[in-house]
Amino acid sequence: MKNTVSAALAALCVLSAAGCGGPVRKDIPAYLDPSRTVEERVADALPRLTLEEKVALTHAQSKFSSPGVPRLGIPELWCTDGPHGIRPEVLWDEWDQAGWTNDSCTAFPALSCLAATWDREMSLLFGRSIGEEARYRKKDILLGPGVNICRTPLNGRNFEYMGEDPFLASAMVVPYVRGVQENGVAACVKHFAVNNQETRRTATNSVVDDRTLYEIYLPAFRAAVREGGAWAVMGSYNLYNGQFNCHNKRLLCDILKGEWGFDGVVVSDWGGCRNDDEPVTNGLDIEMGTGTNGLSGKGNPYDYYHLANPYLERLRDGRASIEGLDDKAGRILRTIFRTGMSPDVQYGSFTSPEHYAAARKIAAESIVLLKNDGTLPLHIAEGGKLLVVGENAFKMQTVGGGSSNLKTKYEVIPLQALHEAFDGKVKVQWERGYVGDTSTSYNLVDTGQDLTESRDAQTLIADAVSAAADADLVLFIGGLNKSANQDNEGTDRTQIELPYGQEEVIRALAATGKPLVVVNISGSPVAMPWADVAGAIVQGWYGGTESGHALVDVLTGAVNPSGKLPFTVPCRLEDGPIRTERQYPGIQVEGKPYWEEYYDEGIYIGYRWYDTKGIPVQFPFGYGLSYTTFEYSDAKVARAVVKGAGKTAVTEATGSGKTVQTVTVRVKNTGPVAGAEVVQLYIADPEASVDRPAKELKGFRKVFLQPGETKTVSFDLDRAALSWFDAEGHCWVAEPGTFQALVGSSSADIRATASFELK
Ligand code: BGC
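In case it helps, my numbering puts the sequence shown at residues 7 to 765.
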């Protein structure tokens, strides 16, 4: 997969007198010498730069690039969206797509889809593949992955993130980051931090206590930095502690660069840098995306960026320090030496068969079977008829959604894949059923589909119902899409239920008495009050280029489903932890310049809330069925009593710490076909001196088993897995007492337990 120049370089090093790590070259400056370490190159380059050149590094020169140092042969730094594909080129100064004809990429699945694989190997494959596409397109910083926690099902950007649980998001982000960076492309983890809604995203102050911050909203970022070694982090649009997050002292200086020792670059979200002074001192390194269009006519608009002329003035009159500038410039140079000027830099690859295969595999592994009365996998006799109903069987979904909008070489829609799979042996008929979003283009990317519709809602339903009359099976494929108020950047959803009257369509189809399968395509939780009327329900996702194939692989049984929900699907929005306007979308408070949003629910989001409060849900976190069955037995802890109680400093490694306990369980495939199960380990701390959730995810493994096969699955626990965050002591605490290790197939389906004592 790797077409690297590093092998060639290594060979050269052996032959050359200079040799990697050996005597250094005298004929070129150290910063140009690839055999030097990154730090040697930074130390050599930095003093060569003029004040103006250093400042130029700290802000954009175009919509997606900063200038490098042309005089010294130090290249520009190019960024690209986004989390699940390489964005088409835009104009130099504007958001508009440039209209290139060679920038159609592979669309990989959206990140909530990746999270649903619960498979670290899929995340590594994803990161490597998208990193190769970024490198091929000569990009140095990939603006992703996103790891903001799904706090409310309504957040328009949940599809770009990795679910509701910090452990799952942490485990999944690490291989993604490593995979991207293997290519000499920096992963830019976003949006840091407590950015959990799109409503008024640039004018809302998140009010969150420290325990909640450290236990829920920071861990995935920390893992990306500490374990994944992320080279870049993007600040978010919102405020925290009353300060904008792109120049938020506590988040960027104290936590990210202080406690976690982050040595990479902090990039502002586009337009997220909001004043002249804070960015100078509060941890921002590169200012991107501040409006340029309105400033044109004043010479070079980029000179008016906060970190351009205003910064130069402050440096010249002593209000800003040279050390501060050197820190920023040093970090930016480090990023350039790690990426564009790295000896390990790859050539990359683009829209390759390997990337399409990766996209299909990841998408297929993510699909979650929620209910099955035996209707799935599809079995329709030759000569029979399959009626497909619903807009999402036809509508392409890689176009739209905001900055993650993609221009792909192709996208396989479910209907096409169904036609291919049944290959004329079964009649496949499509009825639209409802009209959702008829748009087919976004930022000048056009799918070329015609989604216009002249029938009214009742006629659409009547047509679908009458087409069901001679069908053997009805397959409804609906859900959300990437338009405003759906899964979309810049707006939140307005309801948790299916939009566009889809429930009525589903109920009408069920009333025909035909076997009914419902596929919900979405990137965030959708309530399913109609669940009883469907024989089978499938959670599909935005699967990218190969989405149709992946979905049909699962529907036909070519792939046995093994995805698990990365978030809870509640029965109703009102059942959830967010119940007041204070909590979401925030309120105006006298004397406060921005909207205030109070995270009053604290650590109790997702299954932590439903489980602890005993509130029934439609489908729990971690849930997903298979075409086979699994039996769990013999859960054991290695030791009944373990040592390790105590405090852990915030600067110490958590997650990769010393093992204090090992939990094992035997899992057997008791059904007729091969399949994979995600075995989940939750920990309960019933004797804690503070409130703790009923259980918390602390381990998972995906195991593949042939029929009748048994494997032992093992989980190592470190002290971090047993700890809660003590806000007063500002440290992690693992308290002595009895802990329970709960092993199961979902957060609500615990199959085996074992207890142990921590001393
Ligand atoms: C989004 C980022 C994105 C950036 C550049 C912003 O509006 O919030 O996620 O990377 O634009 O397109």
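Even for Gly, the Cβ is constructed at its ideal location relative to N, Cα and C.
Comparing alpha carbon positions, the residue from Val525, Leu131, Leu375 closest to Gln187 is Leu131. Burial state of Gly612 is buried, judged by a 10 Å Cβ sphere holding 16 or more other Cβ atoms.
Closest in C-alpha terms to Ile368, from the list Asp724, Leu703, Ala556, Leu258, comes Ala556.
Ala193 is bridged by DSSP to Leu148.
Here Asp732 has Val739 as same chain residues with Cβ atoms under 6 Å from its own Cβ, once five neighbours each way along the sequence are excluded.
Set against 7 Å, the gap from the CB of Gly529 to the closest heavy atom of the ligand BGC is not smaller. Taking the C-beta atoms as reference points, Lys255 is found nearer than 8 Å to Asn288. The beta-carbon separation of Arg232 and Val191, rounded to 20 Å, does not stay under the 8 Å limit for a contact.
Val647 counts as exposed, since fewer than 16 other beta carbons sit within 10 angstroms of its beta carbon.
Taking Lys649 as the centre and dropping the five residues before and after it, the same chain places the C-beta of Lys765 closer than 6 Å to its C-beta, in chain order. Runs of the beta strand (DSSP E) spanning 3 or more residues and lying entirely within the segment 582 to 611 occur at 601 to 604, in chain order. Separation of Met347 and Asn189 (C-alpha to C-alpha, rounded to the nearest whole angstrom) is 12 Å. A direct Cα-to-Cα measurement between Tyr506 and Gly496 gives close to 20 Å.
Ala387 has its alpha-carbon roughly 18 Å from the corresponding atom of Trp436.
Rounded to the nearest whole angstrom, the C-alpha separation of Lys701 and Val271 is 36 Å.
Two segments are said to touch when three or more pairs of C-beta atoms, one from each, lie closer than 8 Å; by this definition the segment 521 to 539 touches the segment 377 to 391.
Residue state for Ala747 is assigned as strand, using DSSP reduced to three classes.
In this structure, the ligand BGC has no non-hydrogen atom nearer than 7 Å to the beta-carbon of Asp291. Distance between Ile147 and Arg585, taken at the CA atoms: about 38 Å. A straight line joining the alpha-carbon of Phe745 with that of Gly628 spans about 21 Å. Taking 8 Å as the cut-off, the beta carbon of Asn161 is found no closer than this to the beta carbon of Gln103. For the options Asp269, Ala122, Asp87, the alpha carbon positioned closest to that of Val44 is the one of Asp269.
Going by beta carbons, Trp124 and Lys708 fall inside the 8 Å limit. Taken through DSSP and simplified to helix, strand or coil, Tyr167 comes out as coil. Look at the segment 530 to 571 and you find these whole runs of beta strand (DSSP E), each 3 residues long or longer: 542 to 546. Ser212 is a Cβ neighbour of Glu603, given a cutoff of 8 Å. With a contact defined as Cβ atoms closer than 8 Å, Ala121 and Gly169 qualify at about 4 Å. Shown here for Gln249: same chain residues with a beta carbon closer than 8 Å to its own, the five before and five after excluded, namely Lys255, Arg256, Glu284, Asn288 in chain order. Only buried fits Asp724, as 16 or more other CB atoms lie within 10 angstroms of its CB. Nearest neighbour of Gln594 by Cα position, chosen from Val394, Thr210, Glu552, Tyr548, turns out to be Thr210. Excluding five sequence positions before and after Ser553, the CB atoms of its chain that fall closer than 6 Å to its own CB belong to Ala369, given in chain order. By the criterion of a C-beta distance shorter than 6 Å, Val575 is surrounded in its chain by Pro531, Gln624, Phe625, once the five residues flanking it on both sides are discounted. Counting along the chain, Ser761 sits inside the beta strand (DSSP E) bounded by residues 755 to 764.
Straight through space, the alpha carbons of Ile609 and Thr657 are spaced by roughly 21 Å. For a cut-off of 8 Å, the C-beta gap from Glu166 to Leu117 is around 6 Å, short enough to register as a contact. The DSSP-derived three-state label of Met240 is strand.
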